[in-house]
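Using my numbering, read the sequence shown as starting at 140 and increasing by one per residue.
The beta-carbon is built from N, C-alpha and C at its ideal position, and this holds for glycine as well.
Report on the following structure.
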Amino acid sequence: MAREAAQVLALVNQETGEVKELPRAPYAFDGQHINVGIRKGRELASGASGLTDREFRVAVWYWFATEESQGAVQRTQSEIAVELGMSADALGRVIKVLNKSRILLEDGGVGRTKFYRCTPYLAFIGSGFAHREAVKDWNPPQTKVRAPRSRQRTKKKDES
Numbered sequence: 140m141a142r143e144a145a146q147v148l149a150l151v152n153q154e155t156g157e158v159k160e161l162p163r164a165p166y167a168f169d170g171q172h173i174n175v176g177i178r179k180g181r182e183l184a185s186g187a188s189g190l191t192d193r194e195f196r197v198a199v200w201y202w203f204a205t206e207e208s209q210g211a212v213q214r215t216q217s218e219i220a221v222e223l224g225m226s227a228d229a230l231g232r233v234i235k236v237l238n239k240s241r242i243l244l245e246d247g248g249v250g251r252t253k254f255y256r257c258t259p260y261l262a263f264i265g266s267g268f269a270h271r272e273a274v275k276d277w278n279p280p281q282t283k284v285r286a287p288r289s290r291q292r293t294k295k296k297d298e299s
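This is the structure:
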């Protein structure tokens with residue numbers, strides 16, 4: 140059986156006729172890829188969701204920190220806090236908000252250390268069939284976590 144010829148991308152110098160083969164990357168991305176729900180992600184990113192910038196940043200970090208299909212991020216809060224540039228206590232408060240709204244799900248732990256992963260409704264690693272099965276076991280997250288905060292400066296008592 141005849142094999143198809145491999146396509147080669149090359150540059151040809153018009154003056155000398157020299158042919159230079161161009162290197163090709165086997166794939167445009169390295170490592171795992173995730174499917175992220177665009178509509179839900181935009182709802183969470185909007186000001187109407189009530190999430191602070193820090194809470195949204197932590198949620199997105201968990202989307203991209205999961206390296207196996209629906210596995211928990213097996214790192215301590217101290218390690219994650221250092222990477223995110225915040226204190227472990229601040230990260231703990233953010234995780235509490237995200238867990239309560241089902242954006243992050245508790246998934247195991249060691250001793251007092253709890254591990255979390257992102258809900259499959261927002262981000263998932265795997266095939267479409269596996270994704271469909273994964274969401275069957277979970278309630279969708281709340282995309283309106285709290286009432287949006289007013290960003291206007293309020294008057295102090297002595298300024299009235």
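Test item: CB-CB of Ala204 and Arg196 under 9 Å: Within the sequence shown, residue 204 is the residue found at index 65, counting from 1. Within the sequence shown, residue 196 is the residue found at index 57, counting from 1. The answer is no: Cβ separation not under 9 Å.
Ile177, buried or exposed, once every other Cβ within 10 Å from all chains shown has been counted against 16: Position 38 of the sequence shown holds residue 177. Exposed, since its Cβ has fewer than 16 Cβ neighbours within 10 Å.
Candidates Leu223, Arg271, Ile264, Ala187: closest to Asn174 by CA position: What you label residue 174 is simply residue 35 of the sequence shown in a count that begins at 1. Of the candidates Leu223, Arg271, Ile264, Ala187, the one whose C-alpha sits nearest the C-alpha of Asn174 is Ile264.
Ala198 vs Ile242 beta-carbon contact at 9 Å: For this step, residue 198 is matched to residue 59 along the sequence shown. For this step, residue 242 is matched to residue 103 along the sequence shown. Taking 9 Å as the Cβ cut-off, Ala198 and Ile242 qualify as a contacting pair.
Cross-strand partners of Glu245 (DSSP beta bridge): In the sequence shown, counting from the first residue as 1, residue 245 sits at position 106. Glu245 pairs with Tyr255.
Cβ-Cβ distance between Pro279 and Thr252 below 9 Å: Residue mapping note: residue 279 aligns to position 140 of the sequence shown, counting from 1. Residue mapping note: residue 252 aligns to position 113 of the sequence shown, counting from 1. Their beta carbons are not under 9 Å apart, which means Pro279 does not touch Thr252 by this criterion.
Contact check, Leu230 vs Asn238, beta carbons under 9 Å: Taking the sequence shown and counting its residues from 1, the one referred to as residue 230 is at position 91. Taking the sequence shown and counting its residues from 1, the one referred to as residue 238 is at position 99. No, these two residues do not count as a Cβ contact at 9 Å.
When Leu161, Ser240, Leu190, Arg256 are compared against Leu148, the one with the closest alpha-carbon: Position 9 of the sequence shown, counted from the start, is the residue given in the question as residue 148. Selected option, being the one with the closest Cα: Leu161.
Paired residues, beta bridge with Leu150 - DSSP: In the sequence shown, counting from the first residue as 1, residue 150 sits at position 11. Answer is Lys159, bridged to Leu150.
Test item: CB-CB of Leu261 and Leu183 under 9 Å: On the sequence shown, residue 261 is found 122 positions in, with the first residue counted as 1. On the sequence shown, residue 183 is found 44 positions in, with the first residue counted as 1. In contact: Leu261 and Leu183 (Cβ atoms closer than 9 Å).
For Asn174, the residue or residues it bridges with in DSSP: Taking the sequence shown and counting its residues from 1, one reaches residue 174 at position 35. DSSP, once it has assigned bridges, lists Phe263 as partnering Asn174.
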